[in-house]
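Chains as they are written, first to last, in the working numbering: chain Z, 1 to 335; chain V, 336 to 564. This report concerns only the one structure given below.
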């Protein structure tokens with residue numbers, strides 16, 4: 001009998017050992033495509049997500065320990081930086097692009113406005129090491145983390161030992177960012193027939209499908225491609241977009257199509273944050289297109305909208321606001 | 336008691352001998368040379384164009400090591416990549432264990448990281464991005480990094496920095512090298528660094544830090560400077 005008891009205890013100890021890692025179920029919203037991120041290479045667990053979340057909110061990632069990822073990617077504004085046209089780094093340094101909103105990243109294969117980064121795991125390296133952002137070195141981040149018992153513990157519970165490496169740090173950051181799924185806006189509820197559009201929103205939706213959705217494709221509200229959307233060149237920034245990466249003239253002035261989800265909060269707009277208001281964005285598409293040779297085909301025919309129609313489209317765009325996402329406690333500062 | 340311990344010991348030794356005989360090892364060594372002498376980091380050298388230079392850093396990736404017998408792959412190393420760093424003596428030796436019954440007459444490896452590893456998830460060990468061999472502003476590994484000082488360099492600290500890499504067409508800088516092997520179990524690869532720097536005008540080209548035509552050209556030149564000694 002005693003022997004059995006011992007076996008039982010041994011089994012439960014082993015079982016508890018496995019229980020230490022609690023797997024996180026990543027749910028694909030109804031009707032959405034399969035994510036492109038390969039979860040088998042970095043299986044989500046609650047402990048790793050928590051580690052990533054702590055890192056995301058920790059200014060230790062920057063050279064002088066003053067700014068964190070969340071400094072420019074604030075949850076309440078869809079993980080972007082309101083009122084900052086260009087990204088804002090340590091010592092008030094200003095970068096050359098608008099901070100993108102972070103959500104639904106498991107479906108993205110290229111990151112940054114020019115697609116310079118090809119895998120979510122490597123994305124965090126760019127702001128950490130960019131001179132105008134965190135201006136730190138990943139090697140040094142690891143050194144700093146290694147000196148803190150708090151991180152030793154977090155890495156231990158996430159990975160089963162307290163070894164802190166670049167790979168583990170970056171994978172944990174990916175894990176937290178992968179959980180940032182926004183799929184509970186009014187639009188989503190209408191699609192699931194749990195809510196209805198107002199007449200104005202419905203008009204706006206139809207106009208949106210006619211004029212905007214070839215690039216801002218549902219349900220992600222981006223086709224994840226790079227497009228030239230006819231913006232005049234900013235002669236101070238002289239940013240040629242995707243061409244810097246591919247060195248192909250045909251990619252000149254192409255930028256990654258951003259999602260429109262939570263657009264109510266993600267102003268200012270465009271890769272350089274040149275527009276503060278949605279009305280300015282719509283005005284650009286109706287009146288401001290520069291006809292470059294590689295202009296997005298969808299913009300070659302002029303878009304004609306009355307001011308009422310613009311109001312309708314705006315009303316529809318506001319249905320993409322997802323309050324559950326913006327105020328989800330799982331995404332906020334880890335207390 | 337003593338006897339049984341002795342028997343166990345004998346058993347262990349004989350077992351290990353039996354297992355050891357199934358594998359053979361081959362040792363690869365990497366050496367930097369400058370004017371036919373071992374390269375000394377941080378010491379001054381004079382190039383034929385009268386530039387005085389010193390080398391602070393010289394590191395590169397060796398990956399996908401394979402042994403061939405008459406053009407047939409007989410062994411593929413399971414380690415994805417090795418970071419060879421001339422400042423780190425232990426990194427200069429690679430020990431390969433391969434099955435003894437496989438004959439080989441050639442060895443092949445990549446100088447750098449191929450596209451399949453470049454597009455993979457973040458990796459550990461020598462491929463961890465903390466090794467200073469990953470471009471952070473644009474995804475991709477640096478295949479070969481050489482940095483130092485040059486009297487002719489117009490940069491702020493008289494530096495030169497060549498970070499060679501790139502895995503996408505048309506700027507794929509990866510080089511595949513193949514050498515004949517003989518029966519010796521030690522192969523020493525030398526890289527004649529002086530020949531790499533000769534012909535580079537550091538008053539003009541003192542910095543290559545992204546995938547580019549120059550990166551590809553210099554990578555090709557580099558591949559020709561690896562020799563077996």
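For each residue, glycine too, the CB sits at the ideal point set by N, CA and C. It should be emphasised that the depicted structure is a prediction, and the values quoted were computed from it without experimental measurement.
- Membership of residue 511 of chain V in the beta strand (DSSP E) is indicated by the continuous run 510-515.
- At a C-beta separation below 7 Å, residue 171 of chain Z has these neighbours in chain V: 457.
- Of the other Cβ atoms in all chains shown, 16 or more fall within 10 Å of the Cβ of residue 124 of chain Z; this residue is therefore buried.
- If you draw a straight line from the Cα of residue 33 of chain Z to the Cα of residue 264 of chain Z, it is about 25 Å long.
- Contact between residue 508 of chain V and residue 464 of chain V is absent: CB atoms are separated by about 18 Å, not below the 8 Å threshold.
- Under the three-state reduction of DSSP, residue 466 of chain V is assigned to helix.
- In the structure shown, the three-state DSSP call for residue 404 of chain V is strand.
- Under the three-state reduction of DSSP output, residue 479 of chain V falls in the strand class.
- Within chain Z, no residue has its CB atom less than 7 Å from the CB of residue 563 of chain V, the nearest being about 33 Å off.
- By the C-beta density criterion, residue 57 of chain Z is buried, having at least 16 other C-beta atoms within 10 angstroms.
- For residue 416 of chain V, the three-state secondary structure derived from DSSP is strand.
- Put simply, the backbone Cα of residue 214 of chain Z is about 40 Å away from that of residue 22 of chain Z.
- In the three-state reduction of the DSSP assignment, residue 225 of chain Z falls in the coil class.
- Here the alpha carbon of residue 178 of chain Z sits roughly 8 Å from the alpha carbon of residue 103 of chain Z.
- Within chain V, the residues 471, 472 have their CB atoms less than 7 Å from the CB of residue 126 of chain Z, given in chain order.
- Taking C-alpha positions only, residue 279 of chain Z is separated from residue 310 of chain Z by approximately 8 Å.
- Note that the C-beta distance between residue 499 of chain V and residue 543 of chain V is below 8 Å.
- Taking a Cβ-Cβ threshold of 7 Å, the residues of chain Z close to residue 463 of chain V are 165, 166, 167, in chain order.
- Close partners of residue 249 of chain Z in chain V (Cβ separation under 7 Å) are lacking, with about 13 Å as the shortest Cβ gap.
- At a Cβ-Cβ threshold of 8 Å, residue 461 of chain V and residue 502 of chain V do not count as neighbours.
- Chain-order list of chain Z residues neighbouring residue 454 of chain V: 118, 119, by C-beta distance under 8 Å.
- Residues are counted here when their Cβ sits less than 8 Å from a Cβ of chain V; for the stretch 32-48 of chain Z these are 38, 41, 42, given in chain order.
- Exclusion of the five residues before and after residue 193 of chain Z leaves no residue of its chain whose Cβ lies closer than 6 Å to its Cβ.
- In this structure, the straight-line span from the alpha carbon of residue 148 of chain Z to that of residue 186 of chain Z is close to 43 Å.
- For the stretch 490-509 of chain V, the beta-carbon criterion of a distance under 7 Å to any beta-carbon of chain Z is satisfied by none of its residues.
- Against chain V, the beta carbon of residue 142 of chain Z has neighbours under 8 Å at 465, listed in chain order.
- Listed by position along chain V, the residues whose Cβ is nearer than 7 Å to that of residue 245 of chain Z are 473.
- Taking every protein chain shown into account, the CB of residue 327 of chain Z has fewer than 16 other CB atoms within 10 angstroms, so this residue is exposed.
- A distance below 7 Å between beta-carbons, with the five flanking residues on each side excluded, links residue 211 of chain Z to the following residues of its chain, in chain order: 303.
- In terms of Cβ geometry, residue 400 of chain V and residue 374 of chain V do not form a close pair [threshold 8 Å].
- Closest by C-alpha distance to residue 111 of chain Z, out of Z:68, Z:174, Z:77, Z:60, is Z:174.
- Rounded to whole angstroms, the Cβ separation of residue 167 of chain Z and residue 397 of chain V is 20 Å, and the two are not in contact under 8 Å.
- Within the same chain, and ignoring the five residues on either side of residue 432 of chain V in sequence, the residues whose Cβ sits closer than 6 Å to its Cβ are 358, 360.
- DSSP places residue 473 of chain V in the coil class of the three-state scheme, outside both helix and strand.
- Between the stretch 44-52 of chain Z and the stretch 154-172 of chain Z there are three or more C-beta pairs closer than 8 Å, enough to call the two in contact.
- Residue state for residue 521 of chain V is assigned as strand, using DSSP reduced to three classes.
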